[in-house]
Amino acid sequence: MAFITGITKGGSTWTPTFVEGIDHDKCIGCGRCYKACSRKVLAPLDIEDEENYSTRMVMEVVAEDNCIGCAACGVACPKKCFSFAPMAA
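Taking full-length UniProt numbering, the leading residue of the sequence shown gets 1, the next gets one more, and so forth.
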């Protein structure tokens with residue numbers, strides 16, 4: 001299977017990996033990924049924590065079509081919550 005590839009400034013081939021999802025069980029809602037993404041792919045989401053009878057914030061993929069495959073969100077994430085995959089050409 002062939003994947004979409006790009007070329008770096010130095011002429012090397014590069015295969016972007018696009019955000020597939022976020023593990024809400026790992027996410028601490030710190031917002032580092034949100035700040036790292038320049039394409040507005042992510043947004044905060046409040047979820048009910050039924051065990052503690054409270055609400056907590058996590059990040060959610062809201063505009064996956066805006067993702068350019070840079071993986072900056074995953075690099076910024078201290079809990080490694082993101083999953084990525086290349087896209088077929």
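By construction, the Cβ of each residue, glycine as well, lies at the ideal position given by its N, Cα and C atoms.
For this session: With distances taken Cα to Cα, identify the nearest neighbour of C37 among W14, D23, V62, R56.
Result: The shortest C-alpha separation from C37 is found at V62.
Exercise. Cα separation between P44 and G31?
Worked result: Using only the alpha carbons, I get a separation of about 8 Å.
For this session: Let me know if F82 comes out buried or exposed under the rule of 16 or more other beta-carbons within 10 Å of its beta-carbon.
Result: That one is buried.
Exercise. Does the Cβ of D65 lie closer than 7 Å to at least one heavy atom of the ligand COA?
Worked result: Although the ligand COA was asked about, the structure shown includes no ligands whatsoever.
For this session: State the CB to CB distance for the pair E60 and I22, rounded to an integer number of angstroms; the pair is presumed to be in contact (CB under 8 Å).
Result: I22 and E60 do touch by the CB rule: their CB atoms are close to 7 Å apart, below 8 Å.
For this session: With a 10 Å radius around its C-beta and 16 neighbouring C-beta atoms as the bar for buried, classify V75 as buried or exposed.
Result: Counting every other CB atom within 10 Å of its CB across the protein chains shown gives V75 a total below 16, marking it as exposed.
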